[in-house]
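For reference, the structure discussed in these notes is given below.
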Amino acid sequence: MPELPEVETVARDLRESLPGRTITGVTVRWPRTIACPPPDEFRQAIAGRRVTSVGRRGKYVVLGLDRGYLLIHLKMSGRLYVTPAGQAADRHEHTIFDLDDGQQLRFQDVRKFGRVYLVDDVEQVTGNLGPEPLADDFTLVTFRRRLERRSGRLKSLLLNQFFLAGLGNIYADEALFQAGLHPLRPAGSLTPAEQERLYNAIRGVLRQAVANRGTTLGDGGYVDARGEAGQHQEQIMVYGRTGKSCLRCGTPIERLVVGGRSSHFCPRCQKDPAGV
DNA sequence: AAAGCACCCTGTACGC
DNA sequence: TGCGTACAGGGTGCTT
């Protein structure tokens, strides 16, 4: 499941081959993948545009074009890669961009949740996203201010992209474990020391995961734009480890559903908030 | 503001 | 072995 570190890795990979390439055409095999503009218009509009940059905002891959932007959200199972046009197409490659060098940028997405946006301005899609957790201007003070205004549970808040952009289920659970905080803890109830622990945990986990080129769990899991698995699964402490021993204290990891999403945590390292 | 839930999808895991 | 069913998950939108 691509989250910030995985999307960042894909963007870095694509940056090696896409800038300077012109998109000569596109094949859309699952029109719902195209979020905007409408698929027919999209086909017309994308042809002839040149890629000038490759970046990331939250979990979106952002391709800067000579005019406008192409944003791609991988959601659960999306994969992006560049391959020679002659390469046989997989049945889950729903959108295929032809490039002017005989290659293709292919968007494969088994579960079809992923979306592609062609817009004039990045903000049209990402305008309401929260801060970038690894940006220099995302300071402890900024984080505190945002946290203190909230009364919901920590886990739900960390998954809220309008609160903070880029965390998904894996890194939210890992960050809470690193910070020693229970997923149900009310966000506004943290002490200054706990706020700082959480801030450092979020940034630390994400930085390490980027350095490890992301987390790949199981078959069909995330792969980068080269088709290779990440390495961060070796460092995972709680996510998906229900019933297994906590790697810090040995207590069995527990699972809880919060906001419809599973949460994995160590009941000893992450103490229950009072009254829950 | 926040919580709960259905929905979008399909591969996979699991029970019988 | 094979079938049916539950489940996973990011994000949106609706209801309470």
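For any residue, its number in the working numbering is found by taking its place in the first sequence, counting from 1, and adding 520.
Here a beta-carbon is modelled for each residue, glycine too, at the ideal position from N, C-alpha and C.
How many Å lie between R599 and D744 at the Cα?
Taking the first residue of the first sequence as 1, we reach residue 599 at position 79. Taking the first residue of the first sequence as 1, we reach residue 744 at position 224. Taking the straight line from one Cα to the other gives about 7 Å.
Taking just the CA atoms, how far does A699 sit from L718?
Locating residue 718 in the first sequence gives position 198, counting from the first residue. Locating residue 699 in the first sequence gives position 179, counting from the first residue. L718 and A699: Cα-Cα distance of roughly 5 Å.
Give the straight-line distance between the Cα atoms of R805 and Q728, rounded to the nearest whole angstrom.
Shown here, the chain extends from 521 to 796; a query on residue 805 therefore has no answer.
Is T615 buried or exposed, if buried means 16 or more other CB atoms sit within 10 Å of its CB?
Your numbering for residue 615 matches position 95 in the first sequence. Burial of T615 is indicated by the presence of at least 16 other C-beta atoms within 10 angstroms of its C-beta.
Within 10 angstroms of its Cβ, does P703 collect 16 or more other Cβ (buried), or is it exposed?
The sequence position of residue 703 within the first sequence is 183, counting from 1. P703 sits buried, since 16 or more C-beta atoms from the chains shown fall within 10 Å of its C-beta.
Using the C-alpha atoms, what's the distance from L583 back to L805?
Because the chain here runs from 521 to 796, residue 805 falls outside it and cannot be looked at.
When we look at the beta-carbon of A721 and count the other beta-carbons within 10 Å, is it buried (16 or more) or exposed?
Working through the first sequence from its first residue, we reach residue 721 at position 201. By the neighbour-count definition (other C-beta atoms within 10 Å, threshold 16), A721 is a buried residue.
Compare the C-alpha of I756 against each of Q790, V778, S597, A692 and name the closest.
Sequence index remark: in the first sequence, residue 756 carries index 236 (1-based). That would be A692, whose Cα lies nearest to the Cα of I756.
Taking the DSSP output, what are the residues bridged to R705?
Residue mapping note: residue 705 aligns to position 185 of the first sequence, counting from 1. R705 is not bridged by DSSP to any residue.
Spatially closest choice to E526 from V546, P793, L594, G740, by CA coordinates
Mapped onto the first sequence, residue 526 falls at position 6. Of the listed residues, the one whose Cα sits closest to E526 is L594.
So who's on the other strand from S765, going by DSSP bridges?
Locating residue 765 in the first sequence gives position 245, counting from the first residue. Beta-bridge pairing by DSSP links S765 to P772.
Should G686 go down as buried or exposed, given a rule of 16 or more other Cβ atoms within 10 Å for buried?
Taking the first sequence and counting its residues from 1, one reaches residue 686 at position 166. Its Cβ being crowded by 16 or more others within 10 Å, G686 is buried.
Where do the N-terminal and C-terminal ends of the beta strand (DSSP E) with I592 fall, by residue?
Residue numbering aside, residue 592 sits at position 72 when the first sequence is read from its first letter. It spans 589–593 - the beta strand (DSSP E) in which I592 sits, taken as one unbroken run.
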